[in-house]
Structure formats: structure tokens, C-alpha cells
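Trainee: I am attaching a structure below and will ask some questions about it afterwards.
2 protein chains.
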Amino acid sequence: MIELEEAREIVLSQVKVLAPERVDLLSSLGRTLAEDVYDDFDIPGFDRAAMDGYAVISKDTDSASKKKPVVFEVIADVPAGYSTKERVRRGKAVRIMTGAPMPQGADAVVMVEDTEKEEGKVKVFCRVTREENISFAGEDVRKGELIIPQGSLIRPAEVAMLASLGKKNVLVRTKPRVAILSTGDELVEVGKTLKKGEIYDSNSFALFSQVLLSGGEPYRLGIALDKKENLLARIKEGLSYQLLILSGGVSMGDYDLVTGVLKEAGVKMMFWKVAVKPGKPTFFGIRKDTLVFGLPGYPVSSMVNFENLVRPAIFSMLGRRDWQRIRVKAILKKTVLSRGKRKKFIRVKLIKEGDSYVAVPAPSQHSGVLKSMVWADGFLILPQEVERIEEGKEVSVELLK
Amino acid sequence: MIELEEAREIVLSQVKVLAPERVDLLSSLGRTLAEDVYDDFDIPGFDRAAMDGYAVISKDTDSASKKKPVVFEVIADVPAGYSTKERVRRGKAVRIMTGAPMPQGADAVVMVEDTEKEEGKVKVFCRVTREENISFAGEDVRKGELIIPQGSLIRPAEVAMLASLGKKNVLVRTKPRVAILSTGDELVEVGKTLKKGEIYDSNSFALFSQVLLSGGEPYRLGIALDKKENLLARIKEGLSYQLLILSGGVSMGDYDLVTGVLKEAGVKMMFWKVAVKPGKPTFFGIRKDTLVFGLPGYPVSSMVNFENLVRPAIFSMLGRRDWQRIRVKAILKKTVLSRGKRKKFIRVKLIKEGDSYVAVPAPSQHSGVLKSMVWADGFLILPQEVERIEEGKEVSVELLK
Chain U
128 MIELEEAREI
138 VLSQVKVLAP
148 ERVDLLSSLG
158 RTLAEDVYDD
168 FDIPGFDRAA
178 MDGYAVISKD
188 TDSASKKKPV
198 VFEVIADVPA
208 GYSTKERVRR
218 GKAVRIMTGA
228 PMPQGADAVV
238 MVEDTEKEEG
248 KVKVFCRVTR
258 EENISFAGED
268 VRKGELIIPQ
278 GSLIRPAEVA
288 MLASLGKKNV
298 LVRTKPRVAI
308 LSTGDELVEV
318 GKTLKKGEIY
328 DSNSFALFSQ
338 VLLSGGEPYR
348 LGIALDKKEN
358 LLARIKEGLS
368 YQLLILSGGV
378 SMGDYDLVTG
388 VLKEAGVKMM
398 FWKVAVKPGK
408 PTFFGIRKDT
418 LVFGLPGYPV
428 SSMVNFENLV
438 RPAIFSMLGR
448 RDWQRIRVKA
458 ILKKTVLSRG
468 KRKKFIRVKL
478 IKEGDSYVAV
488 PAPSQHSGVL
498 KSMVWADGFL
508 ILPQEVERIE
518 EGKEVSVELL
528 K
Chain X
128 MIELEEAREI
138 VLSQVKVLAP
148 ERVDLLSSLG
158 RTLAEDVYDD
168 FDIPGFDRAA
178 MDGYAVISKD
188 TDSASKKKPV
198 VFEVIADVPA
208 GYSTKERVRR
218 GKAVRIMTGA
228 PMPQGADAVV
238 MVEDTEKEEG
248 KVKVFCRVTR
258 EENISFAGED
268 VRKGELIIPQ
278 GSLIRPAEVA
288 MLASLGKKNV
298 LVRTKPRVAI
308 LSTGDELVEV
318 GKTLKKGEIY
328 DSNSFALFSQ
338 VLLSGGEPYR
348 LGIALDKKEN
358 LLARIKEGLS
368 YQLLILSGGV
378 SMGDYDLVTG
388 VLKEAGVKMM
398 FWKVAVKPGK
408 PTFFGIRKDT
418 LVFGLPGYPV
428 SSMVNFENLV
438 RPAIFSMLGR
448 RDWQRIRVKA
458 ILKKTVLSRG
468 KRKKFIRVKL
478 IKEGDSYVAV
488 PAPSQHSGVL
498 KSMVWADGFL
508 ILPQEVERIE
518 EGKEVSVELL
528 K
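In order, the protein sequence lines correspond to chains U and X.
Everything in the first sequence is counted per my numbering, starting at 128 for the first residue and increasing by one.
Everything in the second sequence is counted per my numbering, starting at 128 for the first residue and increasing by one.
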């Protein structure tokens, strides 16, 4: 049995970053950037008005006030998207819209709210200082600057930034193809009728969804019965993917054939017990470039160890380093008790109370009780040596979303 | 000019929850549940072994120890997915796998680790108490229980729970169809060449991505020039969607036709200035069942007010009430200064330092500087009356993801 941190290190040491592919910008949301994005030109590319108003020489407004406005002659009118060749001289102004290029000679913009229009003229009621209400060339981005490093998750801001750089498409990591195989004679496919002793396969649905949210491409290989030949054939199929996740069949019993069959399929075992609760009987192995995870059959154990081990592996295949989840401080609502010398993942709901959060543990923490994952906003993590935390204590909760 | 909270209330008061549609379970991830999900049967449906081992009568193990094992006759062998008709009597044991139904008569399971197999017999080295290592029927879910209320976001745990209930498909809210229209003669479609005074349209890319992440279905209507006829035609097209977002053209200038054209298109204005920074010139109106947002042309202003106003509207159309974002406490790394009597949204990066977070403000907070959104993990929100927070203070950061 090894510690979770050691297990994760073993997993991550086996990861190879996947090849890149080029996708259309609008399809890049949620993907991982596979190139350093530099800028080819200043953004904005020119000094421009930051407000609607009048471009002037600031000195000309020195004496302007509500009572004694200064009157300018308006020599041009520049909407955004247009420009003027006129040069602003003393006593002259150019009407200008936000985003339009500053005319030559002007060094400030008077806001339209501080003016009054007259035939061919404008009254200015307010003083402006040099450079006021101007966005300068390169203010957002300077030519040659590294804008977004590879390995970044592409969020709405990155999509927008890439658009503003004029990138029609972008190099991203291919998604890891992840095969998911549920094992167990007790499992029945959703939609069929249950017989005594049977339950619906839910783990492959959880894993399918978790792979999607982690940025992988999931494939359900279905349910494998606890028969050696059947299992071996399915596992061999799964080994053609970059990642194979098995659910169930990695504990101590005779019928838990999986570890044996994995060996026969040429999978080299790296570990098969991790000091976490839930989720101790967790297997990890490799065959060529395929990572193989054997997760416990209990629904909660399977989901928790996906988060602990598989998600970081998928992130690393994408070249991401940000698999660590945000932690939020909260006040524990109810004493938690969890025995055993393993790291414990207590499922809690977070409720906002005033300016802080309260963490309410799920009523049942049994690893068969999927309801506790439906309940949970996150995990309260108890270190190996801690078996109890009192109600009212401040705790740190690892967010699931 | 109205306060953000008031603006949001006005928006939400106009929202109608959308109709439901039935989708396949595997496609339901990220959707919003449109029905209360009750359970039709106990889960598990039967008492079952929680460990691989031997089902026995617990009293029979009372004297068992490492040195003096108790020997049982093994009368049956039950893998998961199977069951036995044999009844366990005194001195007898049934070999049983995790998840298999408990045989009649037995009231506990001895873990396989605490036993040793012999021909037709098993040695038990350890005492078990009544009900030990059994999962009882209905432990996860009781028949008739409300499992997931409508309005819930469907996450991996909900998908798995629905699978375990045998649901092949699920009733979810239809996605709001959201039209996105960029306005401004200075805007050029990505892929084309820029002329003097022009910039690439990036707002519609940001908005497209933000709509996707909020659970809506985005449509880009392209770029509308600042010509009345063109604008009117595009706006009329946009009014056939459930939500129309315009970007740009809602500030003070003459060329900002949008508000006038919206009125002509029959859009009833509800407000058009909000006391936030960035993002003051933000319009909201309605026409029949279409909500119309006019967001500022500045990239950051547009993104921030999408988060502040449009996202809550989309969530409400889906019947979700959880649009409020998680807040994390952090230590401010650098003094922030933001003048004006508006609520300010300072873009900050969160960096983990030991057990807590440090919030680092983006170097430029100008609303034209998209880089600040690429930088940001969240917003540090300054109330109206606060214009400065000192470095080293504890602040609360609203997470963007």
C-alpha cells in the first residue's frame, strides 16, 4: 500500500504529452494550447480615443469651465473604423468616437458629456490634461510579447485574445482517447430489467462524464463479465487506447480476475493499493504507451480515485499542470469521524452563511453510497493520522467543480 | 444609472423558464434537470456483502483469534451477480464476493484477509460483530425518496445516480438560443487583413464561449456596421432568438445608433447604465419573450457584464438558482486603487502560497486590456464607497471558473 502522493508521482512519471492538432478558433474552448502564442502587432495598433468626444490640444482647455467654456472649431468627424488626415492645431477640434484613431496634433479627448455642439463649433466646459482619454498603441499587447504560453487551458478570455490577434485557428493538444470498461457479473446495462443480485452499471457513466470534464475523449467498452476469456478480449481492445480505465475487480477475491488478466495482457503493474479512503484497491499499470487504471467497483471509490489519479494523468497528457483543485475554507457543521490509517476524502456540501462557508458532511460516507457524491460540492481531506474533526472547526474543502 | 443588484433583479424578473426536452443519459452531462427524480426501488435492492469473504453467523466467530481460528464448513460460493438458496446455519459459511446478496441466516461477513482456505473448509482468525461488512438494502437510496430535484446541474455524480436508477434518458431544460451581434465599423472578421483604424472583432468570440460555458446555445450573427438599415435588419433577426446580445454601440456618441434602432425594433428599454466598473454603458430591454442585452464594446467590460447579468439570466432560463460564484479568501499582493462611485471588478490571479492564496491584480485594469482577463482567475470586487485596498489585506475573490 502506497501513499496517494507517491501513487500520483508514479502515474505522472509515465505520462507522455500528446501530439498537437490544429482546430478552428471557435472550437478551441476547453482545449489546451499546444503552442506559445506571441503577438505579431501592437494591440491596439494605433493611439485611439478611449471616449466619445472631441480630440483637442489639451493646453487649449486650460481655462475651460462650466461658466466660461472654450469654443473650438470642429474640422472633422471620425467614427470608429475611420480616420482623418486633418491635423489638429490650436483652437481646432476633431469630433471622435471611442476606438477611432487619434488625429495628428491632438493630445487628449474631451468627453462628449463635457461639451455642447454648435453649428461647426463645440463648447468645451471642462479642462483635460495631456493624454487624457486616449488608449495608446500597444496598451493591451506589445508586438513580440508572449501572450499565452502553451499548456494553458483555453477559456473565453483566451478565445477572445486569440481572435484579437487575428488567429483563425489554433494549435491544441489532441484529446486522450480513454476506454472505459466495467467488470462484474452483477452489472446490468441501463434500460434492461434487473434480476435478483443484479445492479445497474453506473460507474462507466460516472467515468465517461469525468473523462469528458477532464478534457479526454471517452469510449464505453460496455460491461465485461467475470470470465477470463471475455475479460482478456475486452482488455486487449482497451489497450489500443491511450488510457484504459477498468472499474471493479481489483480487490482480494478469487473472482476478481482483473489483475491476473491484466498481467496476461502484458500490463506491467506499478501499484495496486493506495492509502486512501474510499478507494484503497486501486491498480495502476502500463503497457507500451497505454496507462491502465483499475478502479474499485464501489461507485464513490471509483469517482474519488478518478479525481485523485486519472484526472491528473489526463491533464498531464494535455500538457497542463493545473490539476490541483481550488480549496475553500469553511466551518465544519458536524463532527466527522473516519477511522483507519489512510487519507480520507469526506464528501461535503458547502453552504454560504454570510461572508463565509459552512461544510456539511453527507449523512452517509459509505463508499457504496453514490448519494454522497450527488450531495458533495467538494472533499474535506483528513490526513492519515487524523480520525476525527470537531464540529465548529475551520476546515479546508477541495472544490469538485 | 442603477446598482448592479437592482439591474440583476430587473433582468431575472423578466426570465421565463424554458420548456423541457428528453435526452439520452450520456448526453445529459452539463444540462439542467427539468424533473424531480424519485427512486422506484431500494438501492441496493438487497442486503449484500460489503467485502470479499465468508458470510457467517457472527456469534460463531466469538472465540476466533490468530492463534485459535474457528473452522467453518463452506456450503456455497456466491460471486457478485449470483445468489444462493443455501441457508447459513451454525458452523457453516458461504464464500461470498463484494456486492453479492447475503445468504439467508448469515448476519456478518468475515473479510477474506482474516481467513485461510482449506479443502471444503475455512479457518477464521478474527471475530466479527453482527451486521459487520454488510451493505443493507436501501442504504444508498430508499424507494420513493426524492433523489435529485429539478433545477439541478447534471454533473458526473448525477449521471451515475440516474444510471443506477436505471434511467436511460432524462428530462432536461432546452438550451436558450442566444444570438450574438458585434457592432462597429472598426471591426473586422478574424482571418481578414486589418486597415488603419480597424481591429479584429473579439467580443463575439468571448461571448460565444461564455454562452457555451453558461449552458446556452450561441449563434454568431456576425458584425453589423454602424448603419441604421443594416443594424435594424440584424437586430430583427436576433429578436427571433430567446436572447440577443449586442456588443458595442451603447455609449453616448452619435454613431452609437444601437439604442435608437433597438427602440425602433420594438425593444422596450428597462435600463441602460449600471454602476459597475468596467461596464457602465450596459443596456437591457425586452421584446415579447426575447431578452436583449447591449454590452459595452470594450472587451473586458463586455466579458464582465456578461458574467454579472447575462449568465444569471441564462441560468434562470434553465431553472437554475446557483449562478452565484464561489468566493475564496486571499491576501492582496499589491495595493489596488480604482476611483469612482461604482462597484469595481478588479481582475486578479490567485497563487497558492502554503495553505492560503495570494491575489495578484492584473498590471493594467483598463477595460480595453483583454490581457487582464487572460490573467484573471477571478474578480476582487470593490464596493461603491471603496476606492483603495492596501497590499497585505485579506480579500474575497469571486472565482471565474
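Quick reminder that beta carbons are idealized off the backbone N, C-alpha and C, glycines included.
To the nearest angstrom, how far is it from the Cα of U:Ile202 to the Cα of U:Asp267?
Mentor: Rounded to the nearest angstrom, the two C-alpha atoms are 30 angstroms apart.
Trainee: Just the chain X side, please: which residues come within less than 7 angstroms of U:Asp267 by C-beta, in chain order?
Mentor: Gly495, Val496, Leu497, Lys498
Trainee: Output, in chain order, the set of chain X residues within a Cβ distance shorter than 9 angstroms of U:Ser329.
Mentor: Val286, Ala287, Met288, Leu289, Ala290, Ser291, Leu292
Trainee: What separation, rounded to the nearest whole angstrom, lies between the Cα atoms of X:Gly349 and X:Pro426?
Mentor: 16 angstroms
Trainee: Tell me the DSSP bridge mates of X:Pro345?
Mentor: Listed as beta-bridge partners of X:Pro345 by DSSP are X:Val305.
Trainee: Answer with buried or exposed for X:Ala207, where buried requires no fewer than 16 other C-beta atoms within 10 angstroms of its C-beta.
Mentor: Classified as buried, X:Ala207 has 16 or more neighbouring CB atoms from the shown chains inside 10 Å of its CB.
Trainee: Apart from the five residues just before and just after X:Ala191, which ones in its own chain have a Cβ nearer than 7 angstroms to its Cβ?
Mentor: Only residues of its own chain outside the window of five on either side were considered, and among them Val197, Val251, Phe252, Cys253, Arg254 have a CB closer than 7 angstroms to the CB of X:Ala191, listed in chain order.
Trainee: Near X:Glu213, what residues of its chain come up, given a Cβ to Cβ distance below 7 angstroms and the 5 sequence neighbours on each side ignored?
Mentor: Ile202, Ala203, Val221, Pro230
Trainee: Please list, in chain order, the residues of the segment 387 to 420 of chain X that have any C-beta partner in chain U closer than 8 angstroms.
Mentor: none
Trainee: Considering only the beta carbon of each residue, do U:Pro228 and U:Phe173 sit closer than 7 angstroms?
Mentor: It is a contact, given that the beta carbons lie within the stated cut-off.
Trainee: What beta strand (DSSP E) runs, 3 residues minimum, are completely inside the segment 383 to 426 of chain U?
Mentor: 395 to 398, 410 to 414, 417 to 422
Trainee: How do the segment 316 to 334 of chain U and the segment 429 to 444 of chain U stand: do at least 3 beta-carbon pairs fall below 8 angstroms, yes or no?
Mentor: These segments touch.
Trainee: Give the secondary structure of X:Asp241 by DSSP, where H, G and I count as helix, E and B as strand, and everything else as coil.
Mentor: If DSSP states are grouped into helix, strand and coil, X:Asp241 belongs with the helices.
Trainee: Would you verify that the beta carbon of X:Lys323 is, or is not, closer than 7 angstroms to some beta carbon of chain U?
Mentor: yes
Trainee: Just to confirm the assignment, what range does the beta strand (DSSP E) spanning U:Val251 have?
Mentor: 248 to 251
Trainee: Quickly, what does DSSP pair U:Lys470 with across the bridge? List them, please.
Mentor: Paired residue(s): U:Val403.
Trainee: Closer than 8 angstroms, Cβ to any Cβ of chain U: which residues of the segment 295 to 317 of chain X, in chain order?
Mentor: So the close ones are Lys295, Gly311, Asp312, Glu313, Leu314, Val317.
Trainee: Kindly indicate which residue of X:Leu509, X:Lys520, X:Leu298, X:Thr462 has the alpha-carbon position closest to the one of X:Leu280.
Mentor: X:Leu298
Trainee: Give the range of the alpha helix (DSSP H) segment to which X:Ile223 is assigned.
Mentor: It is not in any alpha helix (DSSP H) - X:Ile223 instead sits in the beta strand (DSSP E) that spans 219 to 223.
Trainee: Of all the options X:Glu514, X:Ile508, X:Val513, X:Glu518, which has the alpha carbon lying nearest to the alpha carbon of X:Val524?
Mentor: X:Ile508
Trainee: Anything in chain X within Cβ reach of U:Lys456, meaning under 7 angstroms, just list it in chain order.
Mentor: Residues of chain X passing the Cβ test: Lys456.
Trainee: Within the continuous alpha helix (DSSP H) that includes X:Phe442, where are the two ends?
Mentor: 438 to 444
Trainee: Taking only beta-carbon positions, decide if X:Ala333 is within less than 7 angstroms of chain U.
Mentor: At least one beta carbon of chain U lies nearer than 7 angstroms to the beta carbon of X:Ala333.
Trainee: How would you list, in chain order, the residues of chain U whose beta-carbon sits under 9 angstroms from the beta-carbon of X:Leu339?
Mentor: Listed along the chain, the chain U residues whose CB falls inside 9 angstroms of the CB of X:Leu339 are Leu156, Gly157, Pro283.
Trainee: Going by Cα to Cα distance, which pick from X:Ile170, X:Lys219, X:Tyr165 is closest to X:Ile184?
Mentor: X:Lys219
Trainee: Taking contact to mean at least 3 C-beta pairs separated by less than 8 angstroms, is the segment 346 to 361 of chain U in contact with the segment 236 to 243 of chain X?
Mentor: no
Trainee: Buried or exposed: where does U:Arg409 fall if 16 or more other Cβ atoms within 10 Å of its Cβ makes it buried?
Mentor: According to the sequence as given, residue 409 of chain U is Thr; it is not Arg. Classification of U:Thr409: buried, given that the 10 Å Cβ count is 16 or more.
Trainee: For the alpha helix (DSSP H) that X:Arg452 lies in, which residues bound it at each end?
Mentor: X:Arg452: not part of any alpha helix (DSSP H); DSSP gives it neither H nor E.
Trainee: Short of 7 angstroms in beta carbon distance, which residues of its chain neighbour X:Glu148, apart from the five on each side in sequence? Order them along the chain.
Mentor: Val299, Thr301
Trainee: How do the segment 309 to 327 of chain U and the segment 281 to 295 of chain X stand: do at least 3 beta-carbon pairs fall below 8 angstroms, yes or no?
Mentor: yes
Trainee: Quick one: which chain X residues come within Cβ less than 8 angstroms of U:Tyr165?
Mentor: Residues of chain X passing the Cβ test: none, with the nearest at roughly 13 angstroms.
Trainee: So, does the CB of X:Gly247 fall closer than 7 angstroms to a CB anywhere in chain U?
Mentor: no
Trainee: Would you say X:Ala503 and X:Tyr484 are within 7 angstroms of each other, going by their C-beta atoms?
Mentor: No; because the gap between Cβ atoms is not below 7 angstroms, this pair is not in contact.
Trainee: Below 8 angstroms on the Cβ atoms is my guess for X:Lys404 versus X:Lys471; work out the distance and round it to an integer in Å.
Mentor: 5 angstroms
Trainee: Using a Cβ-Cβ cut-off of 8 angstroms (strictly less than) and excluding sequence neighbours within five positions of X:Ser491, which residues of its own chain qualify?
Mentor: Lys498, Ser499
Trainee: For U:Val487, which residues in the same chain have their Cβ closer than 7 angstroms to its Cβ, ignoring the five residues on either side in sequence?
Mentor: Only Lys460, Lys461, Val475, Lys476, Ile478 meet the Cβ criterion.
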